[in-house]
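Sequential numbering of the sequence shown, starting at 22, is according to our numbering. Just so you know, even glycine gets a beta-carbon here, dropped at the ideal spot from N, CA and C. Remember, predicted model here, so these are calculated numbers, not experimental data.
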Amino acid sequence: MTATTQPDYVRTYTGDAWSDQAAEYSSMMLTGPMLLLIRVMYKHMQSYRLFSSATTMLDIGSGPGSATYTLLNDHANDIAPDVKIVATDFSEGMVEQVKQLKAKKIAELDDGPAKRLWKRVEAKVMDAQDLSAVSDNSISHATASLVLFMMPDSGKALSEIHRVLEAGGVMSCSSWKKATWMNIAMEAAGNDGDSFKLPARWDDVDGTRKMLEDAGFVDVKVEEVETCLKYEDAGRLAEWFFGSKNPPFLALLRDLSEEQRIQARATLAKLFEERKDKRLDGVAGIGIVASGRKAIK
């Protein structure tokens, strides 16, 4: 399988770089545009195979646990009580955030399905391109939220997901077609776009469909999803961008001098204010959710 050409921020940043901003990610887990994409992913998955039939559910590139949190918050009553839930990320810092989240939810929840399922969550360091620690044909449901398009070899990651799924198992993943906030940040930084590019094929419905089909998935469905980055204060959002340790953001800013950063931050605040869609209370984006299943032979 031919790997997609990936941008510089994918080739440059390691698990340690993502660990550096694990706590930051955790604080915004259920805010921001990713939440709607995750919920559409779960809607797709249940259209193939209900969660009540789940055996082992695998969250790939879990970050601080956004998809796992949403799963157990929205669907705890739908999931088989003896299911195994495994959240994986190649960043030790992200995995530690999942472990902390698990402890927090177990401590604060009353007895019931959600608490029992949180007790069954396992968090492990694992690279999506090498799931060798997971047995063939052992997973019923797999998610990969906003991660595969940032893999150096996303085709290999998809092949690994296909390998570990049992026959009839389902997967769902997401990517961006248009991240307007990043386009605005690039404009403010005077960047020509080389530092943040949405990888070819993953930013297109047909290309994404082809990626999944090439990996062996059948009955593939791909959907564009309108989402939004909401904010009240454009200045505070600009400050957050410039203080973020998110590798794509760092890639935008790394060549700027301190004076250029000060000017770019002021420009970014101004642009966020000017481009804010009052109807949405933020700036719009377009995500792509793609799902498929492993054929039953």
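| Check | Outcome |
| --- | --- |
| Alpha carbon of residue 95 to alpha carbon of residue 280, nearest angstrom | 46 Å |
| Residue 59 classed as buried or exposed, judged by whether at least 16 other C-beta atoms fall within 10 angstroms | buried |
| Status (buried if at least 16 other CB within 10 Å, exposed otherwise) for residue 276 | exposed |
| Beta-bridge pairing of residue 78 - partner residues as DSSP gives them | 106 and 162 |
| Identity of the residue in 243, 165 and 248 nearest residue 302 by Cα | 248 |
| CB-CB length for residue 136 against residue 130, believed under 8 Å | 4 Å |
| Per-residue DSSP class, three states only, for residue 382 | Here the chain has residues from 22 to 318 only, and residue 382 is not among them. |
| Unbroken alpha helix (DSSP H) run spanning residue 371, endpoints | This structure does not reach residue 371, given that the chain is present from 22 up to 318, and the question cannot be answered. |
| 8 Å Cβ shell around residue 185 - same chain, five flanking residues per side excluded | 79, 152, 155, 156, 157, 158, 159, 160 and 163 |
| Residue 264, DSSP secondary structure in three states | helix |
| Option in 195, 71, 313 and 287 with minimal Cα separation from residue 56 | 195 |
| Per-residue DSSP class, three states only, for residue 61 | helix |
| Proximity below 8 Å, CB of residue 62 to CB of residue 310 | yes |
| At least 3 beta-carbon pairs within less than 8 Å: the segment 279-293 vs the segment 246-262 | yes |
| Range of the contiguous alpha helix (DSSP H) that encloses residue 87 | 87-96 |
| Nearest-angstrom Cα separation, counted from residue 206 out to residue 259 | 9 Å |
| CA-to-CA distance, residue 75 to residue 100, given in whole angstroms | 7 Å |
| Segment limits, beta strand (DSSP E) that includes residue 198 | 186-200 |
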